[in-house]
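The structure appears below as structure tokens.
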Amino acid sequence: MGSIPTRRIPRKAVTVENKSDRRPPTGVAGSDAERQAAHHLADELRERGRAVSIESVSVRLASGWVTSLHALLALGGGLLSISFPLIGATVCLIAAFSFYSERALGFPLLGRLAPTRASQNVSSPPPGPAWAQVEVLLCCGYDLQRSYPAGDWLTRRFSGRITTDRILFWGGMVPLFLAAMLNVAAVEGTGTQLLQVIASAILLAVVAAQVDGYFSENPEADAADMQASADAIAVLDALLEGPDADPPVAVCFFGAETISAAGAAKFFARRRGPLDGTPVVINFVKGAGSGAGPLSAPPVLLTAKEGDLSTLRMNSELGSGSPLRPKPAILRQTTAALLARRRGLRATTVVGQGETASEVGLDAIEAIFTEGDGP
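Take 1063 as the starting number for the sequence shown in the working numbering and just add one per residue.
Next up, the structure:
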């Protein structure tokens, strides 16, 4: 793979196709529909002369199950603290630490007990020596979000500022641990009891929300659910139509992206170092319903922070020079870009859809190649 000269990416080449006959609906992670979408995306890359691999990955799909497990463990610790304060406080602490470790740091502890299922990662070029020359990684998820009525309502009502993770951790686990520690210190009274009752009620409400999501019928997918992949392919098309027929760009479509970026976690975990050549990661997510911010937010954003409990900052400055002036945003969900940041790569997520999102992605790539041409 060669390098692309500065400012030579053709602006008129960005055309986003989103036709139902070209992009069939996808499905929830681990489903046959998701598998069919993976093969369809692989075919689209092959049509562009790209070498492609479809990697089957075993991922933990039961995000709601893991959330319920931590909530019930903390609830059990709170009940134990009534008769055995020290034991109960220890159980609450274990539950809180395990949940924070998984959601904020990306290290699952109790989450490893979740059942697994097969998903698919589509990558071009295939893993191998060619990755040493890759300078930019275009990526996105392509699976369908499972039904979660409570989470959808929180997103609509609070624009992503209040989420299940925050409610569970700060409203349930932490107060219950504090109540247990007050019992250890023999500080008894109405205040301690009230704190324990409220925290326990919040934990039970979180469990009920997960059960409701489990029994809810998953929404039907349509072509719009593949919009992120359409934007990534549009950027690739623009690069392929440029002066370099073989740009130093890789493309990855990650399975189980809506389940805490499970497919991307498998991809980055197997490529230590981090990735050979340390590519910059440009991720794409659909703007509408992404939980990126209020409805009045700009149509295209670049994430400055991702993951509800994570404190890791993203590289939102990558597209700051774009004429479209995308604003930095907080994305509550975990995406492939956050997994890349945890591996030491520069990464951000383009939150938007259509040609505008593709243009912002191209502007970010232009800035990356401009850096490479500097002294």
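Heads up, the beta-carbon is just placed ideally off N, CA and C, and yes, glycines get one too.
Taking the alpha carbon of residue i as the reference point, which residue from the options has its own alpha carbon closest?
| i | options | result |
| --- | --- | --- |
| Phe1231 | Ile1116, Ser1262, Trp1215 | Ser1262 |
| Val1413 | Phe1220, Thr1254, Thr1397 | Thr1397 |
| Val1119 | Lys1348, Ser1185, Gly1423, Ala1292 | Ser1185 |
| Thr1178 | Asp1370, Arg1394, Ala1318 | Ala1318 |
| Ile1264 | Ala1248, Phe1277, Gly1233, Val1342 | Gly1233 |
| Ala1324 | Ala1095, Gly1173, Leu1155 | Gly1173 |
| Ala1326 | Leu1400, Gly1190, Gly1140, Thr1432 | Leu1400 |
| Ala1270 | Ser1130, Ile1116, Ala1290, Asn1245 | Ser1130 |
| Leu1393 | Arg1404, Val1313, Met1376 | Met1376 |
| Gly1190 | Phe1329, Ser1125, Val1259 | Phe1329 |
| Thr1466 | Ser1382, Gly1111, Gln1395 | The structure shown does not extend to residue 1466, since the chain spans only 1063 to 1437, so no value can be given for it. |
| Glu1428 | Arg1403, Pro1385, Leu1216 | Pro1385 |
| Val1273 | Gly1423, Ala1113, Leu1107, Gly1126 | Gly1126 |
| Val1450 | Ile1430, Leu1200, Ile1149 | Examination of residue 1450 is not possible in this model, given that the chain is present from 1063 through 1437 alone. |
| Tyr1204 | Ala1402, Thr1254, Ser1093 | Ser1093 |
| Asp1299 | Leu1424, Arg1219, Ser1143 | Leu1424 |
| Glu1303 | Arg1110, Cys1314, Ala1091, Arg1097 | Arg1110 |
| Phe1277 | Pro1211, Glu1106, Ala1091 | Pro1211 |
| Cys1314 | Trp1193, Arg1404, Phe1220, Gly1406 | Trp1193 |
Compute the distance between the beta-carbons of residue i and residue j, then report whether it is under 7 Å.
| i | j | result |
| --- | --- | --- |
| Pro1361 | Thr1320 | no |
| Thr1410 | Ala1391 | no |
| Ala1104 | Thr1088 | no |
| Met1235 | Ala1158 | yes |
| Met1288 | Ala1151 | no |
| Cys1202 | Ala1292 | no |
| Gln1207 | Pro1310 | no |
| Ser1322 | Gly1275 | no |
| Ser1181 | Val1121 | yes |
| Pro1147 | Asn1245 | yes |
| Asp1227 | Leu1134 | no |
| Ala1136 | Leu1216 | no |
| Val1198 | Ile1430 | yes |
So, with DSSP's three-state summary, where would you put residue i?
| i | result |
| --- | --- |
| Glu1421 | helix |
| Thr1129 | helix |
| Gln1289 | helix |
| Ile1116 | strand |
| Thr1411 | strand |
| Ile1321 | coil |
| Pro1310 | coil |
| Gln1395 | coil |
| Phe1316 | strand |
| Ala1136 | helix |
| Glu1368 | strand |
| Pro1390 | strand |
| Pro1207 | The question names Pro, but residue 1207 is Gln in the sequence shown. Three-state result, Gln1207: coil. |
| Thr1432 | helix |
| Pro1067 | Caution is warranted here: a pLDDT of 39 is assigned to Pro1067, below 50, making its placement in the model unreliable, and no coordinate value can be reported. |
| Val1153 | helix |
| Ala1180 | strand |
| Leu1452 | Missing from the structure shown is residue 1452; the chain here goes from 1063 to 1437 and no further. |
| Phe1146 | coil |
| Leu1298 | helix |
| Leu1171 | coil |
| Ser1186 | strand |
| Arg1110 | coil |
| Arg1122 | strand |
| Arg1405 | coil |
| Leu1380 | helix |
Report all residues from its chain with a CB closer than 7 Å to the CB of residue i; omit the five preceding and five following residues, and keep chain order.
| i | result |
| --- | --- |
| Ser1378 | Leu1364, Thr1365, Ala1366, Pro1390, Thr1410 |
| Gly1138 | Val1153 |
| Ile1229 | Ile1264, Val1268 |
| Ala1124 | Ala1176, Pro1177 |
| Gly1140 | Gly1150, Cys1154, Leu1238, Ala1241, Ala1242, Gln1258, Ala1261, Ser1262 |
| Pro1281 | Ser1209 |
| Ser1358 | With a pLDDT of only 37 at Ser1358, under 50, the local geometry of the prediction cannot be trusted, and no value is derived from it. |
Might you give, ordered along the chain, the residues of its own chain that have their beta carbon closer than 6 Å to the beta carbon of residue i, omitting 5 neighbours on each side?
| i | result |
| --- | --- |
| Val1128 | Gly1173, Ala1176 |
| Ser1163 | Phe1169, Leu1171 |
| Lys1348 | Gln1289, Ala1290, Gln1415 |
| Val1422 | Val1362, Gly1381, Ser1384, Leu1386, Pro1388, Val1412 |
| Ala1426 | Ile1344, Leu1380, Gly1381 |
| Gly1369 | Thr1396, Leu1400 |
| Glu1117 | Asn1183 |
| Arg1112 | Ser1186 |
| Ala1241 | Thr1254, Leu1257, Gln1258 |
| His1132 | Ala1157, Phe1161 |
Which residues in the same chain as residue i place their Cβ atom closer than 8 Å to its Cβ, once the five residues preceding and following it in sequence are excluded?
| i | result |
| --- | --- |
| Ala1283 | Pro1087, Thr1088, Gly1089, Ala1095, Leu1206 |
| Glu1279 | Ser1209 |
| Gly1213 | Thr1225, Thr1226, Ala1271, Gly1275 |
Could you check whether the Cβ of residue i sits closer than 6 Å to any heavy atom belonging to the ligand ZN?
| i | result |
| --- | --- |
| Thr1320 | Among the ligands in the structure shown, none appear at all, so the ligand ZN cannot be discussed. |
Review point. Of all the alpha helix (DSSP H) runs that stay within the bounds of the region 1211 to 1279, which reach a length of 4 or more residues?
Key: Restricting attention to alpha helix (DSSP H) runs no shorter than 4 residues, the region 1211 to 1279 encloses them at 1211 to 1220, 1236 to 1246, 1252 to 1277, ordered along the chain.
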